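Visitor: Chains as they are written, first to last, in the numbering used here: chain A, 1273 to 1939; chain B, 1273 to 1939.
Mind looking over this structure? Questions follow.
Number of protein chains: 2
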Amino acid sequence: MSETTTARQRANAIRALAMDAVQAANSGHPGMPMGMADMAEVLWREFFSHNPNNPAWADRDRFVLSNGHGSMLIYALLHLTGYDLPMDELRNFRQLHSKTPGHPEYGETPGVETTTGPLGQGMAAAVGMALAERLLASEFNTEEHSVVDHYTYTFTGDGCMMEGISHEACSLAGTLGLGKLIALYDDNDISIDGEVSGWFLDDTPARFEAYGWQVIRNVDGHDPVEVRMALETARETADKPTLICCKTTIGFGADNAGTAATHGAPLGAEGITAARKTLGWDYPPFEIPDAIQTDWDARAAGAEAEGAWNTQFEAYAAAHPDKAAEFTRRIAGERPADLVEQLNNLVEKTQAEGKPNATRKASQAVLNAIAPGMPELLGGSADLTGSNGTLWKGAEAVAPGRLEGRYINYGVREFAMTAIGNGLALHGGLVPYSGTFLTFSDYARNAVRLAALMGVQNILVYTHDSIGLGEDGPTHQPIEHCASLRLMPGLNLWRPADDVETAVAWESALLRTDGPTALALTRQTVKHHARSAEQLANTRKGGYVLAGCDGEPQAIIIGTGSELDQATDAAEALNAAGIATRVVSMPCEEIFAAQPREYQDSVLPPAVAARVAIEAGATAGWYRWVGQGGRVIGIDRYGYSAPAPAVYEALGITAEAAEAAVRELLG
Amino acid sequence: MSETTTARQRANAIRALAMDAVQAANSGHPGMPMGMADMAEVLWREFFSHNPNNPAWADRDRFVLSNGHGSMLIYALLHLTGYDLPMDELRNFRQLHSKTPGHPEYGETPGVETTTGPLGQGMAAAVGMALAERLLASEFNTEEHSVVDHYTYTFTGDGCMMEGISHEACSLAGTLGLGKLIALYDDNDISIDGEVSGWFLDDTPARFEAYGWQVIRNVDGHDPVEVRMALETARETADKPTLICCKTTIGFGADNAGTAATHGAPLGAEGITAARKTLGWDYPPFEIPDAIQTDWDARAAGAEAEGAWNTQFEAYAAAHPDKAAEFTRRIAGERPADLVEQLNNLVEKTQAEGKPNATRKASQAVLNAIAPGMPELLGGSADLTGSNGTLWKGAEAVAPGRLEGRYINYGVREFAMTAIGNGLALHGGLVPYSGTFLTFSDYARNAVRLAALMGVQNILVYTHDSIGLGEDGPTHQPIEHCASLRLMPGLNLWRPADDVETAVAWESALLRTDGPTALALTRQTVKHHARSAEQLANTRKGGYVLAGCDGEPQAIIIGTGSELDQATDAAEALNAAGIATRVVSMPCEEIFAAQPREYQDSVLPPAVAARVAIEAGATAGWYRWVGQGGRVIGIDRYGYSAPAPAVYEALGITAEAAEAAVRELLG
């Protein structure tokens, strides 16, 4: 502890920066940073192990601000401790192209470990990071060397606690006993609508004890001694995550502290003057006295901490060169040296030897082939393991008391599963994939969006991708899901038509390190299609000519996934009848849309106006490719509970319909 | 209790029907009905107040099978107690157009109160029903007459308990003290992946006590005496909902009872033979012995129960004719007699006197005008009341210990809010609307889908509908949301451009009694547009000619919501430059798409190929209207944290861009 500055003064530096930046931006959330500043001061100065000069240090502690609207808290912390976040960036809070966006954005600010703001998801990402840490520790540490050994801390507020995902994520964290996960709860009794006693009377400590967490109650979040003791207790407990419940005053220091008024609006010039007086903070906006700045500076300590780890890692590398090389590769996010070749071989072999199969089973075959040689691949399912085909031969499941393995039984927790996947990917060293039914991507949708927004490799296996699942009926039959996932910027959705396209989809998903990929897979068996070498290569372009006539066609039928079978059947009938018809398979519209115009035009020649698309789902997205004059055979209503063939027939998703549409277009 | 049949025999009737129907369909879930049959027997025979001959009786108890995959349980119960669900329908389980779809579907089967299957949402719907009951009771009951006085029961399994929505919904139910809500938990230790001890170690009873529920632990779900005692205790507690935790054996009676193998697949002919033997059930498939059928038949008791209520209601109507008439109207789902006129007047007044405004504020103005005269309208927000503009002047909020009022502070619980809204609407007597930011519709998406699938009037107020929200940045800025909600069958999405279109949108939402409507509303101020009487009338057609040139245009610009301003600015500049340009406003694409082709062509003349659409969101959906040759000014990436005008500029959503696109198209 410094002798020249007090903890309160150092915390007040955060408060002042938060007030001033929100005021300058004329928007933002001062209440939370002012309320949690004392807690942050203790955590970041006394416990948090990090190196401001190297935010990528592999064994740093992770910090997740789950109540991300309080972004000025982390920006202040990063600035004060010495990250590359100069004061000008704080002055530019919430301005275009600043490093200080309204909510913390991964990739925009050094030291921000994940994007937060959508409440509750930060907690789940923290669970993912803490899980990654334990899995990598079990994989890489030896009796003598703990090269993976860090804590994951998360700050959370009432909003996160009300969100359902906090239940899913924290229940799983408790079940698995993630002892190095420490959550600090800003229990300030206030949310945007006012005092939470009107809508949130949970006994949150009891709730978390029910999850198997260690809970430390009634900590005064403004008393550094109490916060320190709680953190020490939390860190000593190895087999349970810890929730530290801190009573705080939102907007601490402001005249209207303790009310929702401080939550999400500037305090105003007068309010800030008054708060400065209350806090005894006599300095101008965006000025931090040298003594306080010095006592916050973590660069020397950080360099020392990382240096010690580096020394340890050198010894580890000397004793276990293979492990060390593998660890280095994994943390760098590099793929196994032979992965590209392995995948290519698998694709070619599947083309040569393929057979009719459900694409979910073809997907499992890919995992069986690739996963053993790709140790960073970590699978899982939201309690649909057998149906999703996500478990590969030889994969061991992680379990309570056994934090090692290659597979997570996530339980029926789609949203947390996906957000935990984001945390696993963000931690580094692992490439997560996880499965559920496509229709339940709805439950996880905003976590998919965050994966896409952050550009993290989180692979989403969505089986039972259409009415083709049959009897489970409308609640389980996706209609709008493929079209709607295609709209999400940064997400690639593959809907492969057969075993070959499934292998290509996995290839794309595994090699795409800078973003998420979703795979929409059938429950039912589909045909295996023949392809030339050129066609096989073009499969990787997201859309390609699969079959049809010689020369320029009169008509084109575009199909995806299981409906490629209807497309080829229709084209066969049309070609036999002398109507030159081309079949285009479009397993990944996003990748096709990113091809050069010449390639697109070679697949879909502009001169051919008679175009039909067939997909067992919402039609609207297809007009982009068939034009206003084209036809879309699809489904803009909900399905039926019945065997799949009956549902296809009842909803008119048939080769006959595609054939008739072509004939009609050609008049 | 009957003297001729035992409780176990009656329960075995359910088990046999479940086994046989799943076997006949060769798909389905026998495990849950066989496990919960004894509990269902006690509840439905001894406590459940209903009338099989009138599933619409207003004061019936409500029953929600939240673990809806066990649909054969409720089909068996409905058949056995005398609903219009003949044995042939059970034989036809999961077949096309049967009344026995794979999961219970509202509207398909008499006695099914809500669609379930997507786990956890049934519990939330039950919370909504129980809340509706208490609100209507407080509104309509008098000291002498309790015309609204029924229980809501829900069955739930481990899957529901793992889902986050169970936290959100049950936390709110506990906070509000919904004493007439009784949940029976099928605590069988099994989910699809196997024994839940690998992924779900919650102390669920402790968790629910933390929510403020009464919890009855360790009930033997196969012992009618224990179940009966628990239900009696639950019903006696008026101020807390009750969770009855029943230990059961999944697939009770089957050889592989107690394992996941019984969960979701037929037992097979041999398995069924063995189970029949174990259960002592010697009857052929789909045959119920007369004595057992007689003891299940609830028609006489149901008629008596409803008759008693009718008698009471007559006395109530004599004493309080106005209240009785109002209650009858409300339960019938009829709107106030003058609502259409009120809305029409409001629309015309807004057109005449309107002014620039944020559409979220225009929305609040509609509520202030309409809600006082529409007492069934029940508002709420997921902790964004001020931002959403969902609270109208004079609305009192429901609160713990005060179950009356017109507004619900749902807390930060978007998913439960929406699913509770479904339950409120399904109960009857109330028309719910609820607010959050549009981007967080993601959190609630599958409940929106269920509203659309069921066709219930659940009105969704989504504010902050684009990058126009500014500084909160990419996590909060919707991009794909409008386009993606438009894909959802049965949902109408309005994105009104000004105060007038906002009033029209609300008019549509309030008068659409057979489906949900979502309103996408701006944070920022938008212009008020002039309209002729004809244009005003056409606003209701979802798309219409707002402005432009005389006669046939050379070009058309289609705009929605806040971007109608850019569209009109661009058209003004083009018309001034001699390029005849029409502006089409399309606030509700779904309604426009449902207009006759002639009307559509009058708005978008086929001869006019130079078409530009402008919307601050994903572009893909617009090609349907602008054609392949058209241009879409939109956003297919994530936004920025910055003041709104800067974000619009940075992403090119400007009048200049629209103007340039038209000029380019015209070459």
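Just so it is clear, CB atoms sit at the ideal spot from N, CA and C, and this is done for glycine as well.
Predicted model, so just to flag it, every value in this text is computed and none were measured.
(1) Is A:Ser-1274 helix, strand or coil when you go by DSSP?
(2) Using a C-beta to C-beta distance shorter than 8 Å, which residues of chain A count as neighbours of B:Met-1434?
(3) Between the region 1326-1337 of chain A and the region 1870-1889 of chain B, can you find at least three pairs of beta-carbon atoms closer than 8 Å?
(4) Just the Cα atoms here: how many angstroms apart are B:Gly-1902 and A:Pro-1556?
(5) Enumerated in chain order, which unbroken segments of the beta strand (DSSP E) with a length of 3 residues or greater are wholly contained in the region 1637-1695 of chain A?
(6) When Cβ atoms are compared, which residues of the region 1354-1368 of chain A fall closer than 7 Å to chain B?
(7) Where do the N-terminal and C-terminal ends of the beta strand (DSSP E) with A:Val-1817 fall, by residue?
(8) Report all residues from its chain with a CB closer than 8 Å to the CB of B:Ala-1591; omit the five preceding and five following residues, and keep chain order.
(9) Give me the chain B residues within the contact set of A:Ile-1905, using Cβ-Cβ distance strictly less than 8 Å, ordered along the chain.
(10) Would you please verify whether the beta carbon of B:Asn-1640 is less than 7 Å from any beta carbon of chain A?
(11) What does the alpha-carbon distance come out to for the pair B:Ala-1716 and A:Thr-1708?
(12) Going by DSSP, name the residue or residues bridged to A:Gly-1300.
(13) Quick check on the burial criterion: 16 or more other C-beta atoms within 10 angstroms. Buried or exposed for B:Pro-1593?
(14) Grab me the residues of A:Lys-1627's own chain with a C-beta within less than 6 Å of its C-beta, minus the 5 sequence neighbours each way, in chain order.
(15) How long is the line joining the alpha carbons of A:Ser-1274 and A:Leu-1783, rounded to whole angstroms?
(16) Taking 7 Å as the threshold (C-beta atoms), are A:Gln-1826 and A:Ile-1886 in contact?
(17) Pairing CB atoms from the region 1300-1313 of chain A with CB atoms from the region 1451-1465 of chain A, are three or more of them under 8 Å?
(18) Leaving out the 5 sequence neighbours to the left and right, which residues in its chain are closer than 8 Å to A:Ile-1642 when beta-carbon positions are compared?
(19) Go through its chain and collect everything with a Cβ distance to B:Thr-1509's Cβ below 7 Å, but skip five positions before and after it.
(20) Could you pull the DSSP bridge partners for A:Asp-1475 from this structure?
(21) Between A:Arg-1349 and chain B, is there a C-beta pair that is closer than 7 Å?
(22) Mind checking if A:Leu-1403 is an interface residue toward chain B, Cβ cutoff 7 Å exclusive?
(23) With a Cβ-Cβ cutoff of 7 Å, do B:Leu-1473 and B:Gly-1701 count as a contact?
(24) Taking the Cβ atom as the reference point for each residue, do A:Glu-1435 and A:Phe-1687 lie within a distance shorter than 7 Å?
(25) Taking C-beta pairs closer than 7 Å, name the residues in chain A that B:Thr-1447 reaches, listed in chain order.
(26) Pairs of beta-carbons, one from the region 1349-1358 of chain B and one from the region 1386-1398 of chain B, closer than 8 Å: are there three or more?
(27) Any C-beta of chain A sitting closer than 7 Å to the C-beta of B:Thr-1747?
(28) Mind listing which residues of the region 1845-1869 of chain A have their C-beta closer than 7 Å to chain B's C-betas, in chain order?
(29) Is there a C-beta anywhere in chain A that falls below 7 Å from the one on B:Glu-1835?
(30) Can you pull the chain B neighbours of A:Asn-1718, defined as C-beta to C-beta under 8 Å?
(31) When you compare the CB of A:Met-1273 with every CB in chain B, is at least one pair closer than 7 Å?
(32) Compare the Cα-Cα distances from A:Leu-1352 to each of A:Asn-1284, A:Val-1497 and A:Thr-1534 and report the closest residue.
(33) Using a cut-off of 7 Å between C-beta atoms, extract the partners of A:Pro-1373 located in chain B.
(34) Please report how far the alpha carbon of B:Thr-1531 lies from the alpha carbon of B:Pro-1496, in whole angstroms.
(35) Who are the neighbours of B:Arg-1479 on chain A, taking C-beta pairs under 7 Å?
Guide: Reading it off the structure:
(1) By one-based count along the first sequence, residue 1274 of chain A stands at place 2. Residue confidence for A:Ser-1274 is low, a pLDDT of 44 falling below 50, so the modelled location carries little weight; the figure read from the coordinates is stated next. Residue state, collapsed to three classes: coil.
(2) Position 162 of the second sequence, counting from 1, holds the residue named residue 1434 of chain B. The answer, in chain order, is Glu-1440, Ser-1443, Asp-1655, Gly-1683, Val-1684 and Arg-1685.
(3) Counting Cβ pairs under 8 Å, fewer than three are found: no touch.
(4) Within the second sequence, residue 1902 of chain B is the residue found at index 630, counting from 1. Within the first sequence, residue 1556 of chain A is the residue found at index 284, counting from 1. A straight line joining the alpha-carbon of B:Gly-1902 with that of A:Pro-1556 spans about 55 Å.
(5) List check, beta strand (DSSP E) in window: 1649-1653 and 1679-1681.
(6) Against chain B - using a Cβ distance shorter than 7 Å - the residues of the region 1354-1368 of chain A are Arg-1366, Gln-1367 and Leu-1368.
(7) Counting from 1 along the first sequence, the entry for residue 1817 of chain A is found at position 545. For A:Val-1817, the uninterrupted beta strand (DSSP E) run begins and ends at 1816-1819, by DSSP.
(8) By 1-based counting over the second sequence, the position of residue 1591 of chain B is 319. Short of 8 Å from the beta carbon of B:Ala-1591, and not among the five residues preceding or following it, lie these beta carbons of its own chain, in chain order: Thr-1414, Glu-1416 and His-1417.
(9) For this step, residue 1905 of chain A is matched to residue 633 along the first sequence. Neighbours of A:Ile-1905 on chain B: none; closest Cβ ~15 Å, over 8 Å.
(10) Translated into the one-based positions of the second sequence, residue 1640 of chain B becomes position 368. Answer no: the Cβ-Cβ gap between B:Asn-1640 and chain A never drops below 7 Å.
(11) Start at 1 with the first residue of the second sequence, and residue 1716 of chain B comes out as number 444. Start at 1 with the first residue of the first sequence, and residue 1708 of chain A comes out as number 436. Using only the alpha carbons, I get a separation of about 17 Å.
(12) As a first step, residue 1300 of chain A must be located in the first sequence, where it is residue number 28. DSSP, once it has assigned bridges, lists no residue as partnering A:Gly-1300.
(13) Walking along the second sequence from the start, residue 1593 of chain B turns up at place 321. It counts as exposed.
(14) Position 355 of the first sequence, counted from the first residue, corresponds to residue 1627 of chain A. Cβ neighbours of A:Lys-1627 beyond the five flanking positions: His-1800.
(15) Counting from 1 along the first sequence, the entry for residue 1274 of chain A is found at position 2. Counting from 1 along the first sequence, the entry for residue 1783 of chain A is found at position 511. Low confidence applies to A:Ser-1274: its pLDDT is 44, below 50, so where it sits in the model is not reliable enough to give any reading.
(16) Position 614 of the first sequence, counted from the first residue, corresponds to residue 1886 of chain A. Position 554 of the first sequence, counted from the first residue, corresponds to residue 1826 of chain A. No, the pair does not count as a contact, with Cβ atoms beyond the cut-off.
(17) Under the three-pair Cβ rule at 8 Å, the region 1300-1313 of chain A counts as touching the region 1451-1465 of chain A.
(18) If you number the first sequence from 1, residue 1642 of chain A lands on position 370. Its chain contains Leu-1611, Gln-1614, Leu-1615, Leu-1618, Leu-1649, Trp-1778 and Leu-1782 as the residues whose beta carbon lies nearer than 8 Å to that of A:Ile-1642, once the 5 sequence neighbours on both sides are disregarded; these appear in chain order.
(19) Taking the first residue of the second sequence as 1, we reach residue 1509 of chain B at position 237. Gly-1451 and Gln-1486, listed in sequence order.
(20) Translated into the one-based positions of the first sequence, residue 1475 of chain A becomes position 203. DSSP, once it has assigned bridges, lists no residue as partnering A:Asp-1475.
(21) In the first sequence, residue 1349 of chain A corresponds to position 77, counting from 1. The sequence given here places Leu at residue 1349 of chain A; Arg does not occur at that position. No, no contact with chain B.
(22) Against the first sequence, residue 1403 of chain A aligns to sequence position 131. It does not: the Cβ of A:Leu-1403 has no partner Cβ on chain B nearer than 7 Å.
(23) Position 201 of the second sequence, counted from the first residue, corresponds to residue 1473 of chain B. Position 429 of the second sequence, counted from the first residue, corresponds to residue 1701 of chain B. Cβ atoms of B:Leu-1473 and B:Gly-1701: not closer than 7 Å.
(24) Residue numbering aside, residue 1435 of chain A sits at position 163 when the first sequence is read from its first letter. Residue numbering aside, residue 1687 of chain A sits at position 415 when the first sequence is read from its first letter. Against a cut-off of 7 Å, the Cβ pair of A:Phe-1687 and A:Glu-1435 comes out as no contact.
(25) Taking the first residue of the second sequence as position 1, residue 1447 of chain B is located at position 175. Result: Trp-1471, Phe-1472 and Leu-1473.
(26) Judged by Cβ distances under 8 Å, the region 1349-1358 of chain B makes no contact with the region 1386-1398 of chain B, as fewer than three pairs qualify.
(27) One-based indexing of the second sequence puts residue 1747 of chain B at position 475. So, interface residue.
(28) From the region 1845-1869 of chain A, no residue has a Cβ closer than 7 Å to chain B.
(29) As a working mapping, residue 1835 of chain B is identified with position 563 in the second sequence. Under the Cβ distance rule, B:Glu-1835 does not count among the residues neighbouring chain A, no pair being separated by less than 7 Å.
(30) The sequence position of residue 1718 of chain A within the first sequence is 446, counting from 1. Ordered by position in chain B, the residues that pass the 8 Å Cβ test against A:Asn-1718 are Thr-1711, Phe-1712, Asp-1714 and Tyr-1715.
(31) Against the first sequence, residue 1273 of chain A aligns to sequence position 1. Reliability of the predicted coordinates at A:Met-1273 is poor, the pLDDT of 42 falling under 50, and the value obtained from them is presented with this limitation in mind. Not one chain B Cβ lies under 7 Å of A:Met-1273.
(32) Counting from 1 along the first sequence, the entry for residue 1352 of chain A is found at position 80. The residue from A:Asn-1284, A:Val-1497 and A:Thr-1534 with its alpha-carbon nearest to that of A:Leu-1352 is A:Asn-1284.
(33) For the purposes of this step, residue 1373 of chain A is identified with residue 101 of the first sequence, where counting begins at 1. Correct list: Gly-1745 and Ser-1913.
(34) As a first step, residue 1531 of chain B must be located in the second sequence, where it is residue number 259. As a first step, residue 1496 of chain B must be located in the second sequence, where it is residue number 224. In this model, B:Thr-1531 and B:Pro-1496 are separated by some 23 Å (Cα to Cα).
(35) Along the second sequence, read from residue 1 onward, the residue named residue 1479 of chain B stands at position 207. Per Cβ cutoff of 7 Å: Arg-1479 and Ala-1482.
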